[in-house]
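The structure appears below as structure tokens.
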Amino acid sequence: MAHPVREAAECGLKAAAIRLIFPQHKRNDKQEPTIARRPHNAPPTRDTGPRINERIRAPEIRLIGAEGENIGVITPAKALDLAIEAGLDLVEISPNATPPVCKIMDFGKFKYEQQKRESEARKKQKIIEIKEVKFRPGTDVHDYEVKMRNVIKFLENGDKVKVTLRFRGREMAHQDLGRQLLERVAEDVKEIGKIENMPKMEGRQMIMMIGPLPSKS
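This is how it looks when you write it as structure tokens:
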């Protein structure tokens with residue numbers, strides 16, 4: 277019969293031997309730093325501006341000097357040296373040419389002037405609005421003249437005019453009178469406007485759309 281103390285001692289020696297042969301790895305509680313990744317379906321960010329200075333990768337370029345002179349075909353490195361000597365930047369202005377065309381210039385000033393031109397162009401763009409002028413089948417002469425002044429003013433400002441004529445009650449039986457009134461409006465604005473939609477009924481309203489004529493300037 278085995279002695280209990282001896283068995284316990286032998287088990288302890290075996291466990292110690294196993295730990296020596298197969299040492300346990302210490303648990304690393306330090307969390308590995310996470311790296312932000314771009315979603316697989318997200319498009320890469322791109323700089324849409326012109327390439328400048330060290331970003332110009334073509335083996336050779338055609339260089340235009342700061343005063344507009346044609347320096348010729350040289351390497352980007354040599355061109356960048358010339359730009360640095362002048363205290364300016366090397367800017368790729370025609371990337372699709374063979375070889376690409378670059379110019380020595382002040383890139384900050386170039387960007388400022390470009391943004392200024394774009395801002396002025398946006399200011400010149402006319403946003404066309406649709407103005408509405410309402411008539412009645414029984415519009416009298418004075419009221420007609422007042423409303424027509426508004427129609428003409430809107431067209432001269434470059435806006436479209438929605439002419440609306442609303443019928444009430446028994447007036448629906450006299451739509452021909454409403455059509456005659458709108459045809460009169462069309463005749464009175466033919467020098468400055470064009471009929472885009474002829475008179476048509478929408479519910480109890482007859483509607484005609486007038487657009488401004490293109491500017492002659």
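Numbers given in the working numbering equal positions in the sequence shown, counted from 1, plus 276.
Each residue gets a CB set at the ideal place from its N, CA and C atoms; glycine is no exception.
All values derive from a computational prediction rather than experimental measurement.
Between which residues of its own chain and residue i is the CB-CB distance below 8 Å, once the five residues before and five after are set aside?
| i | result |
| --- | --- |
| I340 | N346, I347, I369, V377, C378, K379, I380 |
| P413 | L441, F443, E447, H450, L453, G454, L457 |
| D435 | I404, E405, I406, K407, P488 |
Are the CB atoms of residue j and residue i within a distance shorter than 8 Å?
| i | j | result |
| --- | --- | --- |
| K476 | G487 | no |
| D382 | D357 | no |
| V422 | L431 | no |
| I483 | T440 | yes |
| P326 | I337 | no |
| I406 | V465 | no |
| A334 | A362 | no |
By Cβ distance, which residues of its chain are closer than 6 Å to residue i, with the 5 residues on each side in sequence left out?
| i | result |
| --- | --- |
| E472 | M485, G487 |
Give the DSSP-derived three-state secondary structure of residue i in the structure shown.
| i | result |
| --- | --- |
| N433 | coil |
| R314 | Caution is warranted here: a pLDDT of 47 is assigned to R314, below 50, making its placement in the model unreliable, and the coordinate value is therefore given only provisionally. Coil at R314, not helix or strand. |
| K466 | coil |
| F411 | strand |
| L458 | helix |
| D382 | coil |
| Q481 | strand |
| N473 | strand |
| D419 | helix |
| R331 | helix |
| M352 | First, the amino acid is wrong: residue 352 is Pro here, not Met. It is helical. |
| L489 | coil |
| R398 | helix |
| E345 | coil |
Please return the same chain residues whose Cβ sits closer than 7 Å to the Cβ of residue i, not counting the five positions on each side in sequence.
| i | result |
| --- | --- |
| S491 | none |
| L489 | I468, G469, K470 |
| G344 | none |
| A355 | I337, L339, L366, C378 |
Measuring alpha carbon to alpha carbon, tell me which of the options ends up nearest residue i.
| i | options | result |
| --- | --- | --- |
| E328 | V349, E343, I360 | The sequence given here has Ile at residue 328, not Glu. Among V349, E343, I360, the Cα nearest to that of I328 is on I360. |
| F411 | M448, F443, A342 | F443 |
| V409 | V417, N426, Q401 | N426 |
| P371 | N433, R331, R393 | R331 |
| G384 | V367, A373, A397 | V367 |
| P375 | V349, R393, A397 | V349 |
| Q481 | V461, R460, G445 | G445 |
| N433 | Q401, A355, A397, S395 | Q401 |
| V417 | E394, V461, R393 | V461 |
Looking at the C-beta of residue i, does it have a partner C-beta in chain B at a distance below 8 Å?
| i | result |
| --- | --- |
| R412 | The structure shown contains no chain B; it holds only a single protein chain. |
- Can you find at least 3 beta carbon pairs, one from the segment 405 to 421 and one from the segment 383 to 395, that sit closer than 8 Å? By the C-beta criterion, the segment 405 to 421 is judged not to be in contact with the segment 383 to 395, since fewer than 3 inter-stretch pairs fall below 8 Å.
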